Amino acid sequence: MNLPSLTYFPQKLVPPLCSALTNSTRSSGTADNIAIEGCNLKFSFTATRQAKVVPVLRDCSLRIPSGQFWMLLGPNGCGKSTLLKILAGLLNPTSGIVHVNEPKSFVFQNPDHQVVMPTVDADVAFGLGKFSLTNDEVRSRVSRALHAVGLSDYEKRSVQTLSGGQKQRVAIAGALAEACKVLLLDELTTFLDETDQVGVIKAVRNSLDTSAEVTALWVTHRLEELEYADGAIYMEDGKVVKYGDAASIRSFIEAKQSEYLSNAY
Ligand SMILES: Nc1ncnc2c1ncn2[C@@H]1O[C@H](COP(=O)(O)OP(=O)(O)OP(=O)(O)O)[C@@H](O)[C@H]1O
Ligand SMILES: [Mg+2]
Numbered sequence: 001m002n003l004p005s006l007t008y009f010p011q012k013l014v015p016p017l018c019s020a021l022t023n024s025t026r027s028s029g030t031a032d033n034i035a036i037e038g039c040n041l042k043f044s045f046t047a048t049r050q051a052k053v054v055p056v057l058r059d060c061s062l063r064i065p066s067g068q069f070w071m072l073l074g075p076n077g078c079g080k081s082t083l084l085k086i087l088a089g090l091l092n093p094t095s096g097i098v099h100v101n102e103p104k105s106f107v108f109q110n111p112d113h114q115v116v117m118p119t120v121d122a123d124v125a126f127g128l129g130k131f132s133l134t135n136d137e138v139r140s141r142v143s144r145a146l147h148a149v150g151l152s153d154y155e156k157r158s159v160q161t162l163s164g165g166q167k168q169r170v171a172i173a174g175a176l177a178e179a180c181k182v183l184l185l186d187e188l189t190t191f192l193d194e195t196d197q198v199g200v201i202k203a204v205r206n207s208l209d210t211s212a213e214v215t216a217l218w219v220t221h222r223l224e225e226l227e228y229a230d231g232a233i234y235m236e237d238g239k240v241v242k243y244g245d246a247a248s249i250r251s252f253i254e255a256k257q258s259e260y261l262s263n264a265y
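Everything in the sequence shown is counted per the UniProt record's numbering, starting at 1 for the first residue and increasing by one.
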């Protein structure tokens with residue numbers, strides 16, 4: 001089992017890895033204060049040309065407390081998106097146990113893949129059709145969700161007129177309107193300019209600060225974004241190698257980068 005080094009929070013304790021999950025068929029939630037949990041997750045695919053099994057995730061264990069904003073970092077190709085898709089239920093692990101509180105929502109990297117309706121309010125309300133809500137309840141949920149992501153003034157705007165970051169925030173508002181408890185966010189800031197990047201990350205932070213029930217896991221390459229996080233996970237080559245508070249993960253990655261640069265020159 002891969003047991004990453006743990007840094008304990010002074011006030012927000014992260015419980016020991018994998019203690020709450022005992023079997024893969026458990027249908028109730030995780031331990032009370034854990035929103036996202038994966039235990040010894042492995043994932044591989046079969047490369048059809050060579051007919052050989054290629055491992056992507058070799059052994060990933062993680063636990064994220066409810067109500068916290070965590071980030072997932074690591075070099076290109078180390079398996080971050082694969083792990084996020086397993087947590088979202090978009091991929092099945094080859095082995096291991098996963099539990100994520102429901103409802104959960106996966107937000108993709110490309111802002112143009114996020115919005116489907118012509119106006120902001122219609123897009124945020126789009127997923128509410130499956131609930132039996134009155135028009136007033138729909139309006140209230142849409143308005144609260146847009147407020148949480150800082151887009152209250154954009155309710156009637158055409159989505160065509162939004163920036164990439166605003167589209168990402170509309171997608172996040174859609175998840176909040178559906179009362180999603182877990183947001184899984186894959187490199188949302190990649191295609192955005194600096195103002196939009198800050199707008200999206202602040203929208204996520206504010207969503208968590210507004211509702212203690214929302215937990216977010218955010219994949220990024222940008223170390224400066226760690227200032228918004230409660231905790232972080234660092235992966236390499238399909239494994240979780242370290243997790244803990246955001247500041248110590250940042251120092252850990254910076255030390256690795258300096259070591260790499262000093263070896264290179
Ligand atoms: N179904 C698949 N078929 C072929 N290759 C796959 C498949 N799934 C994942 N991979 C490979 O697994 C590795 C990990 O991919 P993944 O997208 O999870 O990495 P990542 O850490 O998100 O990378 P990036 O930082 O570039 O987004 C990559 O080499 C990818 O090409
Ligand atoms: Mg990726």
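Note that the Cβ used here is the ideal one computed from N, Cα and C, for glycine as well.
Just so it is clear, the structure is predicted and the values come from calculations on it, not from any experiment.
So, residue i versus residue j, is the Cβ gap smaller than 8 Å?
i	j	result
A216	A177	no
V107	L41	no
D123	V100	no
C60	G38	yes
G79	G244	no
R169	V142	no
V115	S207	no
I249	K256	no
N110	P65	no
How many Å lie between residue i and residue j at the Cα?
i	j	result
N135	A35	31 Å
V240	G96	14 Å
V98	E137	33 Å
V204	M71	12 Å
I172	T220	17 Å
V56	K181	27 Å
L151	E102	25 Å
T25	M117	Because the pLDDT of T25 is 34, which lies under 50, any placement of that residue in the model is unreliable, and the number read from its coordinates should be weighed accordingly. Approximately 37 Å, taken between the alpha carbons.
E225	G164	18 Å
P93	F43	5 Å
G231	Q68	8 Å
Are there any heavy atoms of ligand 2 lying less than 7 Å away from the beta-carbon of residue i, as far as the coordinates show?
i	result
K85	no
K80	yes
E102	no
D209	no
E187	yes
V120	no
So what does DSSP say about residue i, is it helix, strand or coil?
i	result
F126	helix
S75	It should be pointed out that residue 75 corresponds to Pro in this sequence rather than to Ser. Note: P75 maps to coil in three-state DSSP.
R49	coil
H113	helix
V214	coil
N40	strand
Consider the C-beta atom of residue i and the heavy atoms of ligand 1; say whether any pair is separated by less than 7 Å.
i	result
G77	yes
residue 267	Outside the shown range of the chain (1 to 265) lies residue 267, about which nothing can therefore be said.
V56	yes
F45	yes
G74	yes
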